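Protein chains in written order, with this note's numbering: chain A, 1 to 343; chain B, 1001 to 1366. This report concerns only the one structure given below.
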C-alpha cells in the first residue's frame, strides 16, 4: 500500500519555479535571500539602488528565454532591451547603459542571430541606452534553445525619487497604464498556432519615458511595477505583501482587449495572470492620482491608463477584487504557471 | 464580446436575483454538477447573492478530481519510460500519485507534453515514429468525442506508436448514485452544459422522472447559473420535477449526433472507479476491443496498484455534496493548492481549490 503524501516543491526545480508565482517567491526566500543577504537585495525591488559618490545608481539584470524567438510585436532582441530598461524605470531611474550576454546553441543560423542583434540594437537606440560590454557562449546542440540573452542595466535615479514595492500606503490609488495580457497571449497563440480574427500583438515597449512623464507631473508616486511574468495579480500580491497593505481592485475597471479576452476564454486562462511587457502598475497618493493619470494619458504608452482600485489598511497582504456582480473575491498569486483546463 | 458580456451583465443578474427572491418560500438544497460551474459560483460570489434559503452544494463534475489515483499512478509509470512521449491536458500534470506527479516526471527528464487537443498527440506520433506516444484520455462526455476522433485517426493512418490511457467517466450514473444514497440532501440539480452539448439531455429527463427530481441544464456564466437556480426553485416551489434546458444556446434534447456516433464507435460503457466516491457501475467509457491496439493499459501491461487517500481528506464527502470544503479541518491549513491532500484542492476546477482561491477570507464552516 502506498500513501500519497503531498508533494513539497523543494526536491527539484520545476518549470513553475520560473513562473513569477508562489514557487518563484519560495525559491527567492529559501535559497537566494539567505545566501546573498544584504539590505539592498532585501527590498526585493525590480532593481537594486545604491549610492556611489553621491550618485544614486539603479542596477538590474534579466535573462530572456522566450520561445518563439520572433513573435508579433517584437522578438527576443527587443524584449531583452525593454525588460531591463523597464526594471530600471520602475525604480524611477533614467536608463543609461546595458550589458548583453548571449548563450547560443550550436547550429543556430547566423541570419537568425543577425536579425536578433539588429533588433536589440534598434531597441537600445530607441530607448537611448548604450550597450557597453557583452559576452558570448556557445553550448552544444540540444543544451540550449536557439538563443538565450541576459542583459544588465544601469541607470541614474534622480534626486528625490524614492520608489519601492514596499512603499505603497493605505489610501493610495492603484493605476494601470493600459490593457493587459497582450504579450503573454501573443506568445502563447504563436506557440500553439492559434489564429484569431484580430491578431494578438505583444505590448513589448520601453516604459522609461512614460515613467519620467509621470514623475514630472507629480512626485507623490510610491510604487511602480511592470506586471511581467505572473501578470497583474502577481505584481499586486507582491506589493501587498512587501508594503504590508491590502489592495482592492474593480473587475469592471481593468481593460482587456477583445482578442486577449477571446483567447483567454478559449484556453481557460485568466488575463490577470498573463504576462505584459509594456505596462505598469502605479501606487499613487490619492491627491496626485488625477494629475498622474492625465500625464499618463498624454503619453502614447499610457493612453488607456485608468484607476483600477485602491490600497487599504484592511487585510494586509491580500488582494481582493469586486467582481462584475458586486461581491468581492480574492485575487491570489498562482503557485506555478497557469495550466490550460480540460474543459 | 458577444455571447460573454450579456451573460456577465450585472443588471440582468440583478433582475434574475430579484425574481428568485420573490419566488422562494422555503429552504432548498441544490447541486451544480460541474466543476466549471462551481468555479463561476465562487468566483462571482453568487452563493452570497442568492436568497439565504437556497443552499448550494458542489457536485463530482471535476474530471481531474475524480480520476482515480491508480490511473494517475499508471500515467506516471508510463510517462517515466524513456521511449515514451506522454501527452496530457495541462491540469492533470499537478495531481500527485504515490511518490511523484507528472510535472516532476518531466523535471526528471521524462518527455511530458501539454496539449489542448488529443489530435496534437496524433501529430506528435506521426512526427516521432521511433517513440511511443501516449495520450491521457480522461474527462467526462465532453472530451470523449475528440479523444475518440484521435484514436480513429491513428487507426486510419495505421500509426502503430500511438495509444491512449483511457479513464472516461459519465455524468448520469453519478447523479443516480447520489440520488440513491440514503444520505442525499440534494433536491435539484444543475446539469453540466458542456456534457449535454455533446450528449443532449434526454438521459436527464429519464432521471428526473424516475427520481422525481428537477434537473436544469445550465451554462457556465453567472447569468446562466442564476437563471438555472431560478428555474430549479420555480419547479420545486410549484411541485414540478422535470428536465429543463437553460443553456439553449448550446444544448438540444438530442445533442450532437455526429459526436455521439464517433464516440460510440470507439468507446463502450464500462464500470469505473471514481476517486473519492468508489466504483460506479456502467459509469465510464473504455476502448472497444477492436481498438485494443491503441489501449495503453493493454500495451504497457501495468498491474493495478492500490493507492490510499490521506486519512484526513474529506474529498469523498465534498464530491458527493455531503460536506463543504470549509467543513474540513485541514482546509487552508494542512491542505492548500501548493500542498494538496486531495484532488479537489489540486485541480483548478475542484471545489476546495475554488473556495481557497477566491473566498478563503470570508467563507465560514456551515
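For each residue, glycine too, the CB sits at the ideal point set by N, CA and C. Given the structure is predicted, the values throughout are model-derived calculations rather than measurements.
Query: Buried versus exposed call for residue 1206 of chain B [16 or more other C-beta atoms within 10 Å across all chains shown]; Result: exposed
Query: Rounded separation between residue 1053 of chain B and residue 1235 of chain B - CA only; Result: 15 Å
Query: Bridge-paired residues (DSSP) for residue 1086 of chain B; Result: B/1112 and B/1134
Query: Under 8 Å (Cβ pairs) to chain A, residues found in the segment 1030-1059 of chain B; Result: 1036, 1042, 1043, 1044, 1045, 1046, 1048 and 1049
Query: Distance between residue 274 of chain A and residue 1035 of chain B (C-alpha atoms, nearest Å); Result: 23 Å
Query: Below-9 Å beta-carbon distance, residue 200 of chain A vs any chain B residue; Result: no
Query: Residue environment, residue 4 of chain A, which counts as buried when at least 16 other CB atoms sit within 10 Å; Result: Residue confidence for residue 4 of chain A is low, a pLDDT of 37 falling below 50, so the modelled location carries little weight; the figure read from the coordinates is stated next. So residue 4 of chain A ends up on the buried side.
Query: Pick from A/294, A/264, A/306 and A/336 that is closest to residue 1116 of chain B, judged by C-alpha positions; Result: A/264
Query: Any chain B beta carbon closer than 9 Å to residue 327 of chain A; Result: yes
Query: From A/176, A/104, A/163 and A/119, residue whose alpha carbon lies closest to that of residue 143 of chain A; Result: A/104
Query: Coarse secondary structure for residue 94 of chain A, derived from DSSP in three states; Result: strand
Query: Backbone CA spacing between residue 1216 of chain B and residue 1135 of chain B [nearest angstrom]; Result: 33 Å
Query: Sequence-distant residues of its chain with Cβ nearer than 7 Å to residue 75 of chain A (five each side left out); Result: 69, 116 and 119
Query: Own chain residues within Cβ distance below 7 Å of residue 1259 of chain B, not counting five before or after; Result: 1145 and 1198
Query: Boundaries (first-last residue) of the beta strand (DSSP E) holding residue 135 of chain A; Result: 130-139
Query: Under the three-state DSSP convention, the category residue 53 of chain A falls into; Result: coil
Query: Environment of residue 1005 of chain B [buried if 16+ CB atoms lie within 10 Å]; Result: exposed
Query: Reduced DSSP category for residue 308 of chain A - H, G, I as helix; E, B as strand; rest coil; Result: strand
Query: C-beta contact flag for residue 1316 of chain B and residue 1276 of chain B at 9 Å; Result: yes
Query: Per-residue DSSP class, three states only, for residue 1245 of chain B; Result: strand
Query: 8 Å Cβ cut-off: residues of chain A touching residue 1361 of chain B; Result: 315, 318, 320 and 330
Query: Cβ of residue 11 of chain A within 9 Å of any chain B Cβ; Result: yes
Query: Close beta carbons around residue 1366 of chain B, own chain, < 7 Å, minus the five adjacent residues each side; Result: With a pLDDT of only 46 at residue 1366 of chain B, under the threshold of 50, the placement of this residue in the model should not be trusted; the figure read from the coordinates follows. Once the five neighbours on either side are set aside, the close Cβ partners of residue 1366 of chain B are 1324 and 1327.
Query: Cα-Cα separation between residue 301 of chain A and residue 1224 of chain B, rounded to whole angstroms; Result: 37 Å
Query: Nearest-angstrom beta carbon gap, residue 1075 of chain B and residue 1102 of chain B [assumed within contact, 8 Å]; Result: 6 Å
Query: Inter-residue spacing [alpha-carbon to alpha-carbon] between residue 344 of chain A and residue 64 of chain A; Result: A query on residue 344 of chain A cannot be resolved here, the shown segment of chain A reaching from 1 to 343 and no further.
Query: Cβ of residue 1013 of chain B within 9 Å of any chain A Cβ; Result: yes
Query: Within-9 Å CB hit, residue 1129 of chain B to chain A; Result: no
Query: Within chain B, the residues that residue 258 of chain A reaches when beta carbons sit closer than 9 Å; Result: 1001
Query: Which listed residue (A/207, A/191, A/249 and A/170) has its alpha carbon closest to that of residue 222 of chain A; Result: A/170
Query: Element boundaries [alpha helix (DSSP H), containing residue 1104 of chain B]; Result: 1102-1107
Query: Range covered by the beta strand (DSSP E) that runs through residue 1339 of chain B; Result: Note, residue 1339 of chain B: premise wrong, no beta strand (DSSP E); not H, not E.
Query: Contact with chain B by residue 335 of chain A, beta-carbon distance below 9 Å; Result: yes
Query: Rounded straight-line distance, which links the Cα of residue 1255 of chain B to that of residue 950 of chain B; Result: A question about residue 950 of chain B goes unanswered here, because the residues of chain B that appear run from 1001 up to 1366.
Query: C-alpha gap between residue 18 of chain A and residue 1042 of chain B, whole angstroms; Result: 29 Å
Query: Own chain partners of residue 1219 of chain B with C-beta closer than 8 Å, once the 5 adjacent residues on each side are dropped; Result: 1007, 1193, 1225, 1228, 1246, 1247, 1249 and 1250
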